[in-house]
Amino acid sequence: MPPMTTDLSHIRNFSIVAHIDHGKSTLADRLIQLTGTVAERDMKEQLLDAMDIERERGITIKANSVRIEYPAKDGRTYTLNLIDTPGHVDFAYEVSRSMRAVEGSLLVVDATQGVEAQTLANVYTAIDADHEIVPVLNKIDLPAAEPERIAEQIEDVIGIDASDACLISAKTGIGIPDVLEAIVKRLPAPTGDRDAPLKAMLVDSWYDAYLGVVVMIRVMDGVIRKGDNILMMQTGARYGVDKLAVLRPKMTDIAELGPGEIGVLTASIKQVRDTRVGDTITHQKKPCDKPLPGFKPSQPVVFCGLFPVDNAEFEDLRTAIEKLALNDASFTYEMETSAALGFGFRCGFLGLLHLEVIRDRIEREYDIELITTAPSVVYKVHMRDGTEIELHNPADMPDPATVDHIDEPRIKATIMVPDEYLGDVLKLCQDRRGIQLDLTYAGARAMAVYDLPLNEVVFDFYDRLKSVTKGYASFDYQLYGYRTDNLVKMSVLVNEEPVDALSMMVHRDRAEMRGRAMCEKLKELIPRHMFKIPIQAAIGGRVIARETLSAMRKDVTAKCYGGDATRKKKLLEKQKAGKKKMRQFGKVDIPQEAFINALKMDS
Numbered sequence: 001m002p003p004m005t006t007d008l009s010h011i012r013n014f015s016i017v018a019h020i021d022h023g024k025s026t027l028a029d030r031l032i033q034l035t036g037t038v039a040e041r042d043m044k045e046q047l048l049d050a051m052d053i054e055r056e057r058g059i060t061i062k063a064n065s066v067r068i069e070y071p072a073k074d075g076r077t078y079t080l081n082l083i084d085t086p087g088h089v090d091f092a093y094e095v096s097r098s099m100r101a102v103e104g105s106l107l108v109v110d111a112t113q114g115v116e117a118q119t120l121a122n123v124y125t126a127i128d129a130d131h132e133i134v135p136v137l138n139k140i141d142l143p144a145a146e147p148e149r150i151a152e153q154i155e156d157v158i159g160i161d162a163s164d165a166c167l168i169s170a171k172t173g174i175g176i177p178d179v180l181e182a183i184v185k186r187l188p189a190p191t192g193d194r195d196a197p198l199k200a201m202l203v204d205s206w207y208d209a210y211l212g213v214v215v216m217i218r219v220m221d222g223v224i225r226k227g228d229n230i231l232m233m234q235t236g237a238r239y240g241v242d243k244l245a246v247l248r249p250k251m252t253d254i255a256e257l258g259p260g261e262i263g264v265l266t267a268s269i270k271q272v273r274d275t276r277v278g279d280t281i282t283h284q285k286k287p288c289d290k291p292l293p294g295f296k297p298s299q300p301v302v303f304c305g306l307f308p309v310d311n312a313e314f315e316d317l318r319t320a321i322e323k324l325a326l327n328d329a330s331f332t333y334e335m336e337t338s339a340a341l342g343f344g345f346r347c348g349f350l351g352l353l354h355l356e357v358i359r360d361r362i363e364r365e366y367d368i369e370l371i372t373t374a375p376s377v378v379y380k381v382h383m384r385d386g387t388e389i390e391l392h393n394p395a396d397m398p399d400p401a402t403v404d405h406i407d408e409p410r411i412k413a414t415i416m417v418p419d420e421y422l423g424d425v426l427k428l429c430q431d432r433r434g435i436q437l438d439l440t441y442a443g444a445r446a447m448a449v450y451d452l453p454l455n456e457v458v459f460d461f462y463d464r465l466k467s468v469t470k471g472y473a474s475f476d477y478q479l480y481g482y483r484t485d486n487l488v489k490m491s492v493l494v495n496e497e498p499v500d501a502l503s504m505m506v507h508r509d510r511a512e513m514r515g516r517a518m519c520e521k522l523k524e525l526i527p528r529h530m531f532k533i534p535i536q537a538a539i540g541g542r543v544i545a546r547e548t549l550s551a552m553r554k555d556v557t558a559k560c561y562g563g564d565a566t567r568k569k570k571l572l573e574k575q576k577a578g579k580k581k582m583r584q585f586g587k588v589d590i591p592q593e594a595f596i597n598a599l600k601m602d603s
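When we follow the UniProt record's numbering, the leftmost residue of the sequence shown carries the number 1, and every step to the right adds one.
Spelled out as structure tokens, the structure:
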């Protein structure tokens, strides 16, 4: 293999950012196809989305990279390194770190939809990373496309000059050559010193069954070669490089990576946990003097319990969760037990989509049926004695008499919505205890900024928002800190036994409504027994809602026809006494579906 001595001025590193569904994965496909990086017979839709769930939902979850060789019109051949990033708010941390590895971004905006909430969030991430940004208007082949209006909107809302935006249709391939020329002409080349000590950024890592951990790196200075001994500066771990490659989506071995290049290495690393994203890689013998600025690790915001439906599958679930955690540093887990559900794990996620994706992957890839408890957020409980504890699970709430006050996490939500649905959106935010921070207009679209409790958003805020706006609203959020509020723990009692999997934190003003809804729902879901079952919602010792599930009864008076009425009475009294005794010792079986459906609360 000849050493790759690519001139820095011939390299362009860039990422594609966009709102969900504005066509960034399709654009990546076209760039790969037009430059002949992948043979026609191997070409497929969403080429860079490797997971089944990504292809099925049509979303990108993991940032992915590809190296493209492009012969430009000026007669020189350029090496383009493209990183395709997710568009969904839950995976924003994937975007932020991919941005640090590249110098420029293509901002893809749908020429029919215009700028959406997530477009803004991703563009600001790119601007923070000092990127040169090239606007690209996609879907211009659609009859509803209005490229001039959308170009103006980009200038008004984001403040980027969009007068020379590339007009393309990623689906049909119109305008793709212009995008390649714009990348070469308008995006900056990387900088770096080939003779300096090695300094490379660890961009991502994933687990491969054959190679162990594969690490994606961006070389800033110096050269890394196969067989080098490397040092990870944050963790202090030392490894020998077994293999160096570039991704043309498939791995292609190379002898060395120089400054400005993006590639992957393997070094017999056992677990992804050993590789910190954002770490600096250097040589053991001649390390660089100071590491690259790291970036903050992602913090899980939503917690929920995952339990196997069949308790015998607990060990399989443990294996599945450990394997998923190998690939996903933002997913945390610890073991927990529940009286109702047995053994399981308390897991932390970045948001509800992240939760759904992990749950689907466990059910699909490992064939384990799961029960998910109600998602909850982290509360800060301030005790009377001045201490503070973090509450991940409402079931662990300390005695209310010892609690001084509880702080809940708040988010700053940006909602972009067409004018005619604004009233419904404002009402939805008010119902969820939101505080309006700002309301502005960009053309016929309103942009509302709200301070909302994360607890209210976690349940089904996104679904409700989409349904009241017929799918036209877009929503993006960031954490906004903690605030004290009047929160209480609501427990659910079935036959006077608390069911810990159903307890939740609610605002005192809304507790009665939530409790009543929960009791009514459980009454439909729990099958009738031979004895009467009270279903109650309670705050502390005070019951706030109750439903009674009546008993099935056997007709004990069937054999008495005619004769004295006291005989019937005696038999009925006897039955009543039996049922009373049964209720004391009887165990109520709550079926699995009842848990799952009861937790889908706010429908």
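Glycine included, every Cβ here is placed at the ideal spot set by N, Cα and C. Values in this document were obtained by computation on a predicted structure and should not be read as measured data.
Discussion item. With a threshold of 8 Å, are at least 3 pairs of Cβ atoms found where one atom belongs to the stretch 241 to 257 and the other to the stretch 104 to 114?
Written reply: At 8 Å Cβ cutoff, the stretches do not touch.
Practice prompt. Quickly, what does DSSP pair Lys199 with across the bridge? List them, please.
Written response: Lys199 pairs with Asp221.
Discussion item. Looking only at its chain, what residues have a beta carbon closer than 8 Å to the beta carbon of Ser268, apart from the 5 residues adjacent to it on each side?
Written reply: Within the same chain, Ser268 has close Cβ partners Gly212, Tyr239, Gly240, Asp242.
Discussion item. Among Ala121, Val109, Met99, Asp29, whose alpha-carbon lies nearest the alpha-carbon of Ile415?
Written reply: That would be Ala121, whose Cα lies nearest to the Cα of Ile415.
Worksheet item: Gly175 by DSSP, collapsed to three states: which one?
Response: Coil at Gly175, not helix or strand.
Discussion item. Report the start-end ranges of each alpha helix (DSSP H) in the stretch 86 to 150 that is 4 residues or longer and not cut off at the edges.
Written reply: For the stretch 86 to 150, whole alpha helix (DSSP H) runs of length 4 or above, ordered along the chain, are 92 to 100, 117 to 128.
Worksheet entry | Test item: CB-CB of Arg248 and Arg67 under 9 Å | In this structure, Arg67 lies closer than 9 Å to Arg248 by Cβ.
Practice prompt. Enumerate in chain order the residues of its own chain whose CB-to-CB distance from Glu356 is below 8 Å, with the five nearest sequence positions on each side excluded.
Written response: Excluding sequence neighbours, Glu356 sits near nothing in its chain.
Fill in: Test item: CB-CB of Gly258 and Arg100 under 9 Å
Contact annotation: Gly258 and Arg100 have beta-carbon atoms that are not nearer than 9 Å.
Fill in: Cβ pair count under 8 Å reaching 3, the stretch 191 to 205 against the stretch 161 to 170
Short answer: they don't touch.
Fill in: Identified DSSP bridge partners for His405
Answer by DSSP bridge pairing, in chain order: His382.
Worksheet entry | Beta-carbon spacing of Arg553, Gln575 below 9 Å | Contact: yes.
Practice prompt. Evaluate Gln478 with the Cβ neighbour count: other Cβ atoms within 10 Å of its Cβ, from every protein chain shown; 16 or more gives buried, anything less gives exposed.
Written response: Gln478 is classed as exposed because its beta carbon has fewer than 16 other beta carbons within 10 Å across all chains shown.
Worksheet item: DSSP puts Met216 in a beta bridge; with which residues?
Response: Beta-bridge pairing links Met216 to Asp204, Val264.
Worksheet item: For Gly58, which residues of its own chain have a beta-carbon under 6 Å away from its beta-carbon, when the five flanking residues on both sides are left out?
Response: Interpretation of Gly58 is limited by its pLDDT of 49, a score under 50 that renders its predicted location unreliable; the figure taken from the coordinates is listed afterwards. Within the same chain, and ignoring the five residues on either side of Gly58 in sequence, no residue has its Cβ closer than 6 Å to its Cβ.
Fill in: Cross-strand partners of Lys250 (DSSP beta bridge)
Its beta-bridge partners are Arg248.
Worksheet entry | Distance between Lys323 and Tyr364 (C-alpha atoms, nearest Å) | Before going further, note that residue 364 is Arg rather than Tyr in the sequence given. Going by the C-alpha atoms only, they are around 14 Å apart.
Worksheet item: Are the stretch 395 to 407 and the stretch 435 to 446 touching by the rule of at least three beta carbon pairs closer than 8 Å?
Response: Here the stretch 395 to 407 makes no contact with the stretch 435 to 446; the two share fewer than three CB pairs at distances below 8 Å.
Worksheet item: With burial defined as no fewer than 16 other Cβ atoms inside 10 Å of the residue's Cβ, what is the status of Ala320: buried or exposed?
Response: Under this definition Ala320 is a buried residue.
Worksheet item: Which residues share a DSSP beta bridge with Glu334?
Response: DSSP lists Arg346 as partners of Glu334.
Worksheet entry | Beta-carbon proximity of Ala374 to Met513, cut-off 9 Å | Judged by beta-carbon spacing, Met513 lies beyond the 9 Å limit of Ala374, meaning their Cβ atoms are not closer than that value.
Item to complete: Output the boundary residues of the alpha helix (DSSP H) element that contains Ile435.
Response: Note, Ile435: premise wrong, no alpha helix (DSSP H); beta strand (DSSP E) at 435 to 442.
Fill in: Inter-residue Cα distance where the pair is Phe314 and Phe343
One C-alpha to the other measures close to 7 Å.
Worksheet entry | For Met490, three-class secondary structure by DSSP | In the structure shown, Met490 sits in a strand (DSSP, three-state: E or B).
Worksheet item: Hey, would you say Ile533 sits closer than 9 Å to Thr548, going by beta carbons?
Response: For Ile533 and Thr548, yes; Cβs fall inside 9 Å.
Worksheet item: Under the three-state reduction of DSSP, which class applies to Leu47: helix, strand or coil?
Response: With a pLDDT of 47 at Leu47, under the threshold of 50, the modelled position of this residue cannot be trusted; read the value that follows with caution. Coil.
Worksheet entry | Residues sharing a beta bridge with Thr280, DSSP | Thr280 pairs with Met201.
Worksheet entry | Span separating the alpha-carbon of Asn393 from that of His382 | Cα-Cα distance, rounded: 16 Å.
Discussion item. On the CB-based measure, 16 or more other CB atoms within 10 Å of its CB, does His233 come out buried or exposed?
Written reply: Position check: residue 233 holds Met in this sequence, whereas His was assumed. Result: buried.
Worksheet entry | Pairwise C-alpha distance: Ile176 and Ile16 | If you take the alpha carbons of Ile16 and Ile176, they lie about 14 Å apart.
Worksheet item: Quick one: what does DSSP say Asn13 is sitting in, helix, strand or coil?
Response: Under the three-state reduction of DSSP output, Asn13 falls in the strand class.
Item to complete: Look at the Cβ atom of Val219, then the Cβ atom of Glu152, and state whether they are nearer than 9 Å.
Response: Contact flag unset, no.
Discussion item. Considering only DSSP beta bridges, list what Ser65 is partnered with.
Written reply: According to DSSP, which records beta bridges pairwise, Ser65 is partnered with Ile83.
Item to complete: Note down the Cα distance separating His131 from Ile83, rounded to an integer number of angstroms.
Response: One C-alpha to the other measures close to 14 Å.
Item to complete: Could you check what DSSP says for Gly562 in three-state terms: helix, strand or coil?
Response: DSSP places Gly562 in coil when its eight states are reduced to three.
Discussion item. Suppose the cutoff is 7 Å on Cβ atoms and the five residues either side in sequence are ignored; what does the same chain contact list for Glu116 look like?
Written reply: The answer, listed in chain order, is His19, Met416, Ser474.
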